Amino acid sequence: MTMQSQVIPHSVLHEIVLAEPRGFCAGVDRAIEIVERALLKFGAPIYVRHEIVHNTFVVEELKQKGAIFIEELSDVPPGATLVFSAHGVSKAIEHEAIARGFQIFDATCPLVTKVHVEIAKLAKEGFEFIMIGHKGHPEVEGTMGQLDVGIIHLVEEVDDVARVAPRQTEKLAVVTQTTLSMDDALEISTAIKARFPGIREPKQQDICYATQNRQDAVKILSSQVDLLIVVGSPTSSNSNRLREVAQKRGTSSYMVDSAAELQPHWFDGVQSVGLTAGASAPEVLVQEVMQRIKAMGVVAVRKMDGIVETIKFPLPMGLKLQPAQANMTPLGQAPEPVAEIPVDLHAGFHQNK
Ligand code: SF4
40 MTMQSQVIPH SVLHEIVLAE PRGFCAGVDR AIEIVERALL KFGAPIYVRH EIVHNTFVVE
100 ELKQKGAIFI EELSDVPPGA TLVFSAHGVS KAIEHEAIAR GFQIFDATCP LVTKVHVEIA
160 KLAKEGFEFI MIGHKGHPEV EGTMGQLDVG IIHLVEEVDD VARVAPRQTE KLAVVTQTTL
220 SMDDALEIST AIKARFPGIR EPKQQDICYA TQNRQDAVKI LSSQVDLLIV VGSPTSSNSN
280 RLREVAQKRG TSSYMVDSAA ELQPHWFDGV QSVGLTAGAS APEVLVQEVM QRIKAMGVVA
340 VRKMDGIVET IKFPLPMGLK LQPAQANMTP LGQAPEPVAE IPVDLHAGFH QNK
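Going left to right, the sequence shown walks through residues 40 to 392 as the working numbering numbers them.
Structure representation (structure tokens):
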């Protein structure tokens with residue numbers, strides 16, 4: 040059955056409320072632009088280590104334009120252009136890529152790089168780290184891989200805290216994956232601080248502005264709607280967290296990779312539906328999902344009041360386009376950037392008293 044022919048019967052649904060902010064963050068915008076510019080400037084193929092961002096639509100669009108996504112650097116031919124994904128890479132991957140002689144563009148989000156810089160600085164002073172994050176996520180692998188094995192100890196949940204075995208506790212700091220649930224991370228860091236009262240925390244928390252803003256918006260929105268739909272891919276950490284945030288507040292929530300995944304029975308008895316998108320999900324998908332829900336007979340669409348994000352990260356050197364190359368169509372209709380704000384890579388940590 041095609042998406043168009045699948046009719047969703049509904050009699051009471053009357054309103055869609057759009058979350059604000061939602062969708063692309065500055066790090067995702069930048070990462071996609073790096074691949075697109077590399078394609079325009081150097082021509083296909085451009086190799087990208089791991090999915091540039093965790094979104095099926097974005098990856099497929101870039102594949103159509105000539106990007107090749109790989110996991111092993113041995114799959115990249117000599118002399119090729121290679122882009123590191125927004126999640127960042129370990130030092131071992133970085134060194135291997137340099138040794139293989141690739142032309143490298145680093146699309147690591149500057150907010151992830153900031154974490155890398157901070158832990159490298161403290162490691163030189165003899166610190167060990169407890170990292171709150173999800174095992175196997177590329178950002179966690181990249182961050183843990185900044186330092187020698189055994190310097191960063193991963194905890195995924197509160198119960199893990201009791202099992203952490205640092206070699207010393209005098210110089211211990213906590214570090215967090217940027218896309219976690221703020222509530223879950225707080226619970227785990229409270230347990231860490233209870234066990235290690237002197238542990239250092241970052242002065243500016245590691246969970247990024249985009250993750251925080253989208254979760255805050257969902258907290259407000261979930262009290263106003265009967266159902267929340269999150270646009271995002273299953274691999275997207277921050278998208279999954281948005282669904283969980285709503286569910287923890289007692290609001291039914293489902294995540295869809297595209298409008299075709301909407302299930303009619305989700306809307307049974309629903310009057311008002313909230314719609315948001317993870318930081319890697321393009322607005323074009325949000326609009327498609329909205330159109331499909333509107334077709335159920337919705338009479339009103341409103342946007343909630345929310346923070347207007349103006350952050351834009353600078354691109355790496357070497358991607359300036361000639362005028363003839365510069366007529367790019369932004370993938371997925373990303374929001375217009377308003378201001379460039381350089382990231383303070385030296386925000387540092389503070390010690391708990
Ligand atoms: S979600 Fe946060 S850390 Fe990840 S790319 Fe976006 S701004 Fe950067």
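Backbone N, C-alpha and C define an ideal beta-carbon position, used for all residues, glycine too. Just so it is clear, the structure is predicted and the values come from calculations on it, not from any experiment.
By the Cβ criterion, the region 231-238 is not in contact with the region 263-282, since fewer than three pairs of Cβ atoms, one from each stretch, lie closer than 8 Å. Around the C-beta of residue 202, fewer than 16 other C-beta atoms lie within 10 Å, and the residue is accordingly described as exposed. Cα atoms of residue 160 and residue 117: separation of roughly 33 Å, rounded to the nearest angstrom.
Rounded to the nearest whole angstrom, the CA to CA distance from residue 182 to residue 99 is 27 Å. Excluding residues up to 5 positions away in sequence, 180, 181, 183, 184 and 185 lie with their Cβ nearer than 8 Å to the Cβ of residue 129 in the same chain. Exclusion of the five residues before and after residue 228 leaves 171, 213, 215 and 240 as the residues of its chain whose Cβ lies within less than 8 Å of its Cβ. In this structure, residue 131 has its beta carbon at no less than 7 Å from each heavy atom of ligand 1.
For residue 365, the closest of 81, 55, 57 and 61 by C-alpha to C-alpha distance is 81. Taken through DSSP and simplified to helix, strand or coil, residue 195 comes out as coil. For residue 313, DSSP records a beta bridge to 56 and 267. Shown here, residue 112 sits in a helix according to DSSP, grouped into three states. Here DSSP, grouped into helix, strand and coil, assigns residue 129 to coil. Each of 358, 369, 367 and 363 was checked against the Cα of residue 121, and the nearest Cα belongs to 358. Of the candidates 287, 151 and 56, 287 places its Cα closest to the Cα of residue 220. A Cβ-Cβ separation of about 6 Å places residue 109 in contact with residue 88 under the 8 Å criterion. With a threshold of 7 Å, the Cβ atom of residue 309 does not count as near ligand 1, since no heavy atom of the ligand is closer than that.
Rounded to the nearest whole angstrom, the CA to CA distance from residue 66 to residue 152 is 11 Å.
When the five nearest sequence neighbours on each side are left out, the beta carbons in the same chain lying within less than 8 Å of the beta carbon of residue 135 are those of 112, in order along the chain. By the CB criterion at 8 Å, residue 363 and residue 62 fall outside the cutoff. Distance from the CA atom of residue 265 to the CA atom of residue 187, rounded to whole angstroms, is 48 Å. The beta strand (DSSP E) runs lying completely inside the region 199-252 and spanning 3 residues or more are 211-215 and 239-241, given in chain order. Look at residue 230: its beta carbon is at least 7 Å from all of the heavy atoms in ligand 1.
If you look at residue 121, you'll find it in the beta strand (DSSP E) that goes 120-123. Beta-bridge pairing by DSSP links residue 145 to 123. For residue 87, the enclosing beta strand (DSSP E) covers residues 85-88. For residue 261, same chain residues with a beta-carbon under 6 Å away, outside a window of 5 residues either side, are 267, 285, 288 and 290 in chain order. In this model, residue 230 and residue 166 are separated by some 19 Å (Cα to Cα). A Cβ-Cβ contact shorter than 8 Å links residue 123 with residue 146.
In the displayed model, residue 365 falls within coil according to three-state DSSP, outside both helix and strand.
Looking at 209, 341, 354 and 79, the one whose alpha-carbon comes closest to that of residue 148 is 354.
Note that the C-beta distance between residue 158 and residue 194 is not below 8 Å.
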